[in-house]
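The structure appears right after this line, and notes come after that.
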Amino acid sequence: AQSVTQLDSHVSVSEGTPVLLRCNYSSSYSPSLFWYVQHPNKGLQLLLKYTSAATLVKGINGFEAEFKKSETSFHLTKPSAHMSDAAEYFCVVSDLFSGGYNKLIFGAGTRLAVHP
Amino acid sequence: GAGVSQSPSNKVTEKGKDVELRCDPISGHTALYWYRQSLGQGLEFLIYFQGNSAPDKSGLPSDRFSAERTGGSVSTLTIQRTQQEDSAVYLCASSLDPMVGNTEAFFGQGTRLTVV
Numbered sequence: 003a004q005s006v007t008q009l010d011s012h013v014s015v016s017e018g019t020p021v022l023l024r025c026n027y028s029s030s031y032s033p034s035l036f037w038y039v040q041h042p043n044k045g046l047q048l049l050l051k052y053t054s055a056a057t058l059v060k061g062i063n064g065f066e067a068e069f070k071k072s073e074t075s076f077h078l079t080k081p082s083a084h085m086s087d088a089a090e091y092f093c094v095v096s097d098l099f100s101g102g103y104n105k106l107i108f109g110a111g112t113r114l115a116v117h118p
Numbered sequence: 047g048a049g050v051s052q053s054p055s056n057k058v059t060e061k062g063k064d065v066e067l068r069c070d071p072i073s074g075h076t077a078l079y080w081y082r083q084s085l086g087q088g089l090e091f092l093i094y095f096q097g098n099s100a101p102d103k104s105g106l107p108s109d110r111f112s113a114e115r116t117g118g119s120v121s122t123l124t125i126q127r128t129q130q131e132d133s134a135v136y137l138c139a140s141s142l143d144p145m146v147g148n149t150e151a152f153f154g155q156g157t158r159l160t161v162v
């Protein structure tokens, strides 16, 4: 069965230091993978997506993620955290189910805190 | 409109009353999803529509929950005899036809439901 595991429920970093949010997935087919961000009291916004093109995907606000099939991982990184990056981040897999439809499966989320 | 629109944005209801939540997807998007997000929690899948049919309604928590979609566009989520545990933010998302390729989902701002 398809699933997504975000390995850390909370991550805390200092401003200007690197960010790493970890995500592992399981999929029966060739999935698409996404990272969404949710700022407090705001809607979900797409950060980046992987759809079987380049394995290193660049997104908005300096974030990027690397698809590693051998490790079934899609970790999100940013070289230097900014205060405005503090938010909840969701790793999502979109997979083809029997019956021919795609379903978005969300990880539990990682709350990123950025300290001055 | 340009994005996914949900109404109302906030709803306070008395326990035992019925509520109806509305979602207007992006024009031309055939796929529509409902999710629920409880306070501090991740996203819980409720139901998926492809056109007017729902190939996956496995996430509906009980028979008090139902959803329909008409004209391949507007969707309504109905909760009958509301209970306090129904209090959450209900999110709607839409995407292009997944059968022609994996695409990201666009989310509405959600309806915050409070059952008192």
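Chains A and B, in that order, are what the protein sequence lines are.
Residues in the first sequence are numbered consecutively from 3, following the working numbering.
Residues in the second sequence are numbered consecutively from 47, following the working numbering.
Cβ coordinates follow ideal geometry from the N, Cα and C atoms, glycine included.
Quiz item: So residue 120(A) is in the beta strand (DSSP E); what residue range does that whole segment cover?
Solution: The structure shown does not extend to residue 120(A), since chain A spans only 3 to 118, so no value can be given for it.
Practice problem: Show which residues of chain B have a CB atom less than 8 angstroms away from the CB atom of residue 92(A). | Solution: 88, 89
Quiz item: Helix or strand or just coil, what does DSSP make of residue 102(B)?
Solution: strand
Quiz item: Can you tell which of 81(A), 37(A), 51(A) has its C-alpha closest to the C-alpha of residue 64(A)?
Solution: 81(A)
Quiz prompt | residue 89(A) beta carbon less than 7 angstroms from that of residue 12(A) | solution = no
Quiz prompt | Of the listed residues 85(A), 115(A), 73(A), nearest to residue 29(A) (C-alpha basis) | solution = 73(A)
Quiz prompt | Under the three-state DSSP convention, the category residue 43(A) falls into | solution = coil
Quiz item: Is the distance from the Cβ of residue 91(A) to the Cβ of residue 59(A) below 7 angstroms?
Solution: no
Quiz item: Quick one: what's got a C-beta closer than 7 angstroms to residue 68(A)'s C-beta in the same chain, skipping five residues either side?
Solution: 57, 58, 77
Quiz item: How many angstroms separate the CA atom of residue 154(B) from the CA atom of residue 94(A)?
Solution: 17 angstroms
Self-check item: Distance CB(residue 159(B))-CB(residue 57(B)) smaller than 7 angstroms
Solution: yes
Quiz item: Leaving out the 5 sequence neighbours to the left and right, which residues in its chain are closer than 6 angstroms to residue 68(B) when beta-carbon positions are compared?
Solution: 53, 122
Self-check item: Sequence-distant residues of the same chain with beta carbon closer than 8 angstroms to residue 113(B), five excluded per side
Solution: 80, 92, 93, 95, 100, 103, 106, 121, 122, 123, 124
Quiz item: Is residue 71(A) helix, strand or coil when you go by DSSP?
Solution: helix
Quiz item: By Cβ distance, which residues of its chain are closer than 8 angstroms to residue 150(B), with the 5 residues on each side in sequence left out?
Solution: 141
Quiz item: Three-state secondary structure (DSSP) at residue 150(B)?
Solution: coil
Quiz item: Residues in its own chain within less than 8 angstroms of residue 19(A) by CB, not counting five upstream and five downstream?
Solution: 82, 83
Practice problem: Could you name the residues of the stretch 28-54 of chain A whose beta carbon sits closer than 7 angstroms to any beta carbon of chain B, in the order they occur along the chain? | Solution: 34, 36, 45, 46, 48, 51, 53
Quiz item: Is the Cβ of residue 155(B) closer than 7 angstroms to any Cβ of chain A?
Solution: yes
Quiz item: Since residue 7(A) and residue 109(A) are thought to touch, with beta carbons under 8 angstroms apart, how far apart are those beta carbons, to the nearest angstrom?
Solution: 6 angstroms
Self-check item: 7 angstroms CB neighbourhood of residue 33(A) in its chain, flanking five on each side removed
Solution: 27, 95, 96, 97
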